[in-house]
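Chemist: Chains U and X supply the protein sequences, listed in that same order. With the numbering used here, you'll find the first sequence wraps up at 492, consecutive numbering, no jumps. With the numbering used here, you'll find the second sequence wraps up at 492, consecutive numbering, no jumps. Think of the CB as a built atom: it goes at the ideal place given N, C-alpha and C, for glycine as much as any other residue.
Number of protein chains: 2
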Amino acid sequence: MSIRTISPDVLNTNVVRKNVETVIEDFLDERRKHSGQPQMARLVKLLKEFMADGKRIRPVLTVMGWRAAGGETGMESVVRVAASLEMFHTFALIHDDIMDDSDTRRGRPTIHRLLAGKRGDERTERFGLGAAVLVGDLAFAWSDQLLHTARLTSRQAAAVHPLITEMRTEVMLGQYLDLRATGELTDDVEATLTVNRYKTAKYTIERPLHIGAALAGAGPEAMAACTAYALPLGEAFQLRDDLLGVYGDVRDTGKSRLDDLRAGKNTTLVALALRAGDAAQSARLRALIGDPLLDEAGAEEVRAIFAATGARDTVECMIDDRYRQALRALDAAPFTPEAITALQQLAATATRRNS
Amino acid sequence: MSIRTISPDVLNTNVVRKNVETVIEDFLDERRKHSGQPQMARLVKLLKEFMADGKRIRPVLTVMGWRAAGGETGMESVVRVAASLEMFHTFALIHDDIMDDSDTRRGRPTIHRLLAGKRGDERTERFGLGAAVLVGDLAFAWSDQLLHTARLTSRQAAAVHPLITEMRTEVMLGQYLDLRATGELTDDVEATLTVNRYKTAKYTIERPLHIGAALAGAGPEAMAACTAYALPLGEAFQLRDDLLGVYGDVRDTGKSRLDDLRAGKNTTLVALALRAGDAAQSARLRALIGDPLLDEAGAEEVRAIFAATGARDTVECMIDDRYRQALRALDAAPFTPEAITALQQLAATATRRNS
């Protein structure tokens, strides 16, 4: 348990973020002190810096799910479970960056880049890759430690553990499907939405809400209401991410808007453009997307095809549809009024953000 | 819980292996059935085949630790925790093979090789690597699921979780230290023994015994006795592994005896030879060990230097010393007589094996 006091202003997202960050900082400081090995202290420092930024959307949703289902006492445990999800997400990001071979994340070098140093030397590249796999593994192990030290009641633990297992399995399946699809562009819009559902909608929105609600002892009706809100919102969140990957400003997103295109990510946006485009447009998209040397001029050409085929507008419409669907789900949800207000605000932020 | 009956012949290692394998098979079959996604079924199949072989030393030690500390009832839970450690070890092996870029394990292709297919194409290599990271991650997540469904009492869970966290953290630290040392040969024998302690002695022997003993409610004295037996035995186990990596028969070990040398593993054997060798011998070792194209003639030259410098004999003596130390620790241990007999046998097998 954190020694510092946890603020009780439970649905203020800034307060939730601060509380979760305090738990994580204290945890990592403890880990560093606990380790007799100087090398371990180095890895903890790396992890701490990597975790310094982030939207903390999963922790925020965990606390919201708990409040929505009527949770009132035992907030320290909820915040610690929320911190555990953030630590797990750190693991997922580190491994994703390895798989995508990304150089930057949130405007900083990725963990494998930090560990490998300058590109070029094959031995240090392999070291960076291997050591980053390990740093991710440590974050995974420590997310479990945060969970096990959250002082859950037996009933809470029994409710939460199966959800956590499913959350982990789903995001790994989503990432696997994404990996298989990367570099092989198709116009299979439905397949891109399946990846989206596992990798984002369930992992980022539905499961954190479920886990929070389960901590408050939610029954099947409240859990179903979480799903009805979370899946459309989660899909919209990812569709916004797809747009930001191509149109976002690096100063806001911390990520080059060439990365997704160079990596050949088969997003819904890309699939829609391939489906709507004529032969010449499709051929250009196939030539440009996935080219590791794509430059800004090439990216502009891709953007022009996204506009001309209507793919960009379609994605905006899809986001809006799903946003409205999430709001409608809230109308029927058996949640506390203050939680409904907070979830409405979160839906707006998640779908209209620029970072 | 497994539906099939668990045999009660608790200290027969073959029986323990069979029981653990039954739990794992049932678990993976359930996982495959549970998944709606055909791609997930493929990953489960891959994992099941990879797990088909193995010495199951950690599960065997978990059950021994439990019996040694007087455990009698609740064996189904103990076997499930033991299966959870085996699943975790599967994760560790898959990630180790990625970091070491090994092509084979237990006589079969490693997971990243199976997923990448033939060498050469950079895109499939990257896919194989990324997908193998994920398959390892799945094994990690599922080791937790096995643990959480072991129906532990609150007291057992509270005793076991911190040990599991430390076990995971220790093996990851050991692997990190090993990665840092690989490819940079030194005569720092003590550094190689530190890696050995974290990566093998604690992970393979001490922690599984501790976890088993904790399940039986062991007190500090029994835990200390586990450590006194486990650390020297674990070091001896790894030293035997180092020798088998260079002198073993691939038909027994399932692993080419060129792999460790080509990878430039800085084992205790190598460090001793560098320390004892003259300038010419050291220069030859540095030229040969770590050469990815080393052939059998080169390996023979390395073996000749290991013999001439006395490094091989020294390692045999170190194994014998540690074996005796482990046996002496048992003389003073507050364990049941049948467990002491089983631990004596295990010490002999672990240090005198050829696979």
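Along the stretch 268-279 of chain U, where does the CB come closer than 9 Å to a CB of chain X? Name the residues.
Modeler: Ala268, Val270, Leu271, Val272, Gly273, Asp274, Leu275, Phe277, Ala278, Trp279
Chemist: Does the Cβ of Thr405 of chain X have 16 or more other Cβ atoms within 10 Å, making it buried, or fewer, making it exposed?
Modeler: Position 268 of the second sequence, counted from the start, is the residue given in the question as residue 405 of chain X. Flag for Thr405 of chain X reads buried.
Chemist: So, is His170 of chain U buried or exposed, given that buried needs 16 or more other C-beta atoms within 10 angstroms?
Modeler: One-based indexing of the first sequence puts residue 170 of chain U at position 33. Inspection of the sequence shows that residue 170 of chain U is occupied by Lys rather than by His. Exposed, because fewer than 16 other Cβ atoms sit within 10 Å of the Cβ of Lys170 of chain U.
Chemist: Run through the stretch 300-343 of chain X for me and flag every whole alpha helix (DSSP H) of 4 or more residues, listed as ranges in chain order.
Modeler: If one requires a minimum length of 4 residues, the alpha helix (DSSP H) runs lying completely within the stretch 300-343 of chain X are 326-333, in chain order.
Chemist: Look at the Cβ atom of Ser239 of chain U, then the Cβ atom of Thr390 of chain U, and state whether they are nearer than 7 Å.
Modeler: For the purposes of this step, residue 239 of chain U is taken as residue 102 along the first sequence, with counting starting at 1. For the purposes of this step, residue 390 of chain U is taken as residue 253 along the first sequence, with counting starting at 1. Against a cut-off of 7 Å, the Cβ pair of Thr390 of chain U and Ser239 of chain U comes out as no contact.
Chemist: For the putative contact between Val272 of chain X and Leu180 of chain X, defined by C-beta atoms under 8 Å, what is the C-beta separation to the nearest angstrom?
Modeler: Within the second sequence, numbered from 1, the residue matching residue 272 of chain X stands at position 135. Within the second sequence, numbered from 1, the residue matching residue 180 of chain X stands at position 43. Rounded to whole angstroms, the Cβ separation of Val272 of chain X and Leu180 of chain X is 6 Å, and the two are in contact under 8 Å.
Chemist: Does Gln282 of chain U get closer than 7 Å to chain X when you measure Cβ to Cβ?
Modeler: For the purposes of this step, residue 282 of chain U is taken as residue 145 along the first sequence, with counting starting at 1. By this cut-off, Gln282 of chain U is an interface position.
Chemist: If you measure beta-carbon to beta-carbon, which residues of the stretch 406-428 of chain U are closer than 7 Å to chain X?
Modeler: Against chain X - using a Cβ distance shorter than 7 Å - the stretch 406-428 of chain U contributes no residues.
Chemist: Output the distance between the C-alpha atoms of Trp110 of chain U and Glu438 of chain X, rounded to the nearest integer angstrom.
Modeler: Absent from the structure is residue 110 of chain U, since the part of chain U shown begins at 138 and ends at 492.
Chemist: Could you tell me which of X:Cys454, X:Ala338, X:Ala470 sits nearest to Leu370 of chain X, measuring between CA atoms?
Modeler: The sequence position of residue 370 of chain X within the second sequence is 233, counting from 1. It is X:Ala338 whose Cα lies nearest to the Cα of Leu370 of chain X.
Chemist: Can you list the residues of chain X that Gln174 of chain U reaches, using a CB-CB cut of under 7 Å?
Modeler: Along the first sequence, one-based indexing puts residue 174 of chain U at 37. Those are Leu310, listed as they occur along chain X.
Chemist: Using the three-state DSSP reduction, which class does Thr478 of chain U fall into: helix, strand or coil?
Modeler: Walking along the first sequence from the start, residue 478 of chain U turns up at place 341. Of the three classes helix, strand and coil, the one that applies to Thr478 of chain U here is helix, per DSSP.
Chemist: Please tell me whether Ile342 of chain X and Leu300 of chain X are closer than 7 Å, where the distance is taken between their beta carbons.
Modeler: Looking up residue 342 of chain X in the second sequence gives position 205. Looking up residue 300 of chain X in the second sequence gives position 163. Against a cut-off of 7 Å, the Cβ pair of Leu300 of chain X and Ile342 of chain X comes out as no contact.
Chemist: Starting from Asp238 of chain X, find everything on chain B with Cβ-Cβ shorter than 8 Å and list it in chain order.
Modeler: Within the model displayed, chain B is absent; protein chains U and X are what it includes.
Chemist: Please identify, using Cβ separations under 7 Å, the residues of the stretch 295-309 of chain X that lie next to chain U, in order along the chain.
Modeler: The stretch 295-309 of chain X vs chain U, Cβ under 7 Å: His298, Thr302, Arg305, Thr306, Met309.
Chemist: Assuming Leu275 of chain U contacts Thr306 of chain X (C-beta within less than 8 Å), just tell me the rounded distance between them.
Modeler: Walking along the first sequence from the start, residue 275 of chain U turns up at place 138. Walking along the second sequence from the start, residue 306 of chain X turns up at place 169. That pair is a contact at about 7 Å.
Chemist: From this set, X:Gly254, X:Met201, X:Ala436, which residue's C-alpha is nearest Pro474 of chain X's C-alpha?
Modeler: Sequence index remark: in the second sequence, residue 474 of chain X carries index 337 (1-based). Selected option, being the one with the closest Cα: X:Met201.
Chemist: What does the Cβ neighbour count give for Ala205 of chain U, buried or exposed, with the cut at 16 atoms within 10 Å?
Modeler: Along the first sequence, one-based indexing puts residue 205 of chain U at 68. When all chains shown are included, Ala205 of chain U counts as buried.
Chemist: Show which residues of chain X have a CB atom less than 8 Å away from the CB atom of Leu314 of chain U.
Modeler: Residue mapping note: residue 314 of chain U aligns to position 177 of the first sequence, counting from 1. The answer, in chain order, is Gln174, Gln176.
Chemist: Less than 7 Å between C-beta atoms, sequence neighbours within five positions excluded: which residues of the same chain meet that for His249 of chain U?
Modeler: Here residue 249 of chain U refers to the residue found at position 112 when the first sequence is read from its first residue. Once the five neighbours on either side are set aside, the close Cβ partners of His249 of chain U are Asp234, Ile235, Gly265, Leu266, Ala269.
Chemist: Closer than 7 Å by C-beta to Asp190 of chain X: which residues in its own chain qualify, once you throw out the five before and the five after it? Chain order, please.
Modeler: As a working mapping, residue 190 of chain X is identified with position 53 in the second sequence. Arg243, listed in sequence order.
Chemist: Given that His249 of chain X touches chain U, what residues does it touch there, using C-beta distances under 7 Å?
Modeler: Mapped onto the second sequence, residue 249 of chain X falls at position 112. What His249 of chain X touches in chain U: nothing, since even the nearest Cβ is about 11 Å away.
Chemist: Could you confirm whether any beta carbon from chain X is found closer than 7 Å to the beta carbon of Gly493 of chain U?
Modeler: As shown, chain U starts at 138 and ends at 492. That puts residue 493 of chain U outside it, with no answer to give.
Chemist: Count the other C-beta atoms from every protein chain shown that fall within 10 angstroms of the C-beta of Thr323 of chain U, then say buried if there are 16 or more, exposed otherwise.
Modeler: Taking the first sequence and counting its residues from 1, one reaches residue 323 of chain U at position 186. Answer is exposed; the Cβ neighbour count stays below 16.
Chemist: Quick one, which residues of the stretch 318-335 of chain X are near chain U if we go by CB-CB under 7 Å, in chain order?
Modeler: Cβ contacts with chain U: Gly320.
Chemist: Does DSSP put Ser139 of chain U in a helix, a strand or coil?
Modeler: If you number the first sequence from 1, residue 139 of chain U lands on position 2. The pLDDT assigned to Ser139 of chain U is 42, lower than 50, so where the model puts this residue is not dependable, and the model offers no usable value.
Chemist: Give the interface partners of Leu352 of chain X over in chain U, defined as CB-CB distance under 7 Å, in chain order.
Modeler: As a first step, residue 352 of chain X is located in the second sequence; it is residue number 215 there, counting from the start. The premise fails here: Leu352 of chain X is roughly 16 Å from chain U at the closest Cβ pair, so nothing lies under 7 Å.
Chemist: Under a CB-based cut-off of 7 Å, is Arg260 of chain U close to chain X?
Modeler: The sequence position of residue 260 of chain U within the first sequence is 123, counting from 1. True, the Cβ-Cβ gap to chain X drops below 7 Å.
Chemist: Beta-carbon of His226 of chain U versus every beta-carbon of chain X: anything under 7 Å?
Modeler: Reading the first sequence from its first residue, position 89 is the one you call residue 226 of chain U. Taking Cβ atoms only, chain X never reaches closer than 7 Å to His226 of chain U, which makes this a no.
Chemist: Below 7 Å CB to CB, which residues in the same chain sit around Thr364 of chain U once its five sequence neighbours on both sides are set aside?
Modeler: As a position in the first sequence, residue 364 of chain U is number 227, starting the count at 1. Excluding residues within five positions, the ones whose Cβ falls inside 7 Å are Glu343.
Chemist: Between the stretch 451-458 of chain U and the stretch 375-388 of chain U, are three or more C-beta pairs nearer than 8 Å?
Modeler: The stretch 451-458 of chain U vs the stretch 375-388 of chain U: in contact.
Chemist: Helix, strand or coil for Pro175 of chain X, going by three-state DSSP, please let me know.
Modeler: The residue given as residue 175 of chain X occupies position 38 in the second sequence. Helix.
Chemist: Is the beta carbon of Arg193 of chain X closer than 7 Å to that of Val157 of chain X?
Modeler: The residue you call residue 157 of chain X lines up with position 20 of the second sequence. The residue you call residue 193 of chain X lines up with position 56 of the second sequence. Cβ distance < 7 Å, so Val157 of chain X and Arg193 of chain X count as in contact.
Chemist: With a cut-off of 8 Å on the beta carbons, I'd call Thr199 of chain X and Pro345 of chain X a contact; round off their distance for me.
Modeler: Walking along the second sequence from the start, residue 199 of chain X turns up at place 62. Walking along the second sequence from the start, residue 345 of chain X turns up at place 208. With a Cβ gap of about 5 Å, Thr199 of chain X and Pro345 of chain X count as contacting.
Chemist: Check for me: the alpha helix (DSSP H) holding Leu395 of chain U runs from which residue to which?
Modeler: To locate residue 395 of chain U, count along the first sequence from 1; it is residue 258. Element bounds for Leu395 of chain U: n/a, residue is neither H nor E.
Chemist: By DSSP, does Arg288 of chain X sit in helix, in strand, or in coil?
Modeler: Locating residue 288 of chain X in the second sequence gives position 151, counting from the first residue. DSSP places Arg288 of chain X in coil when its eight states are reduced to three.
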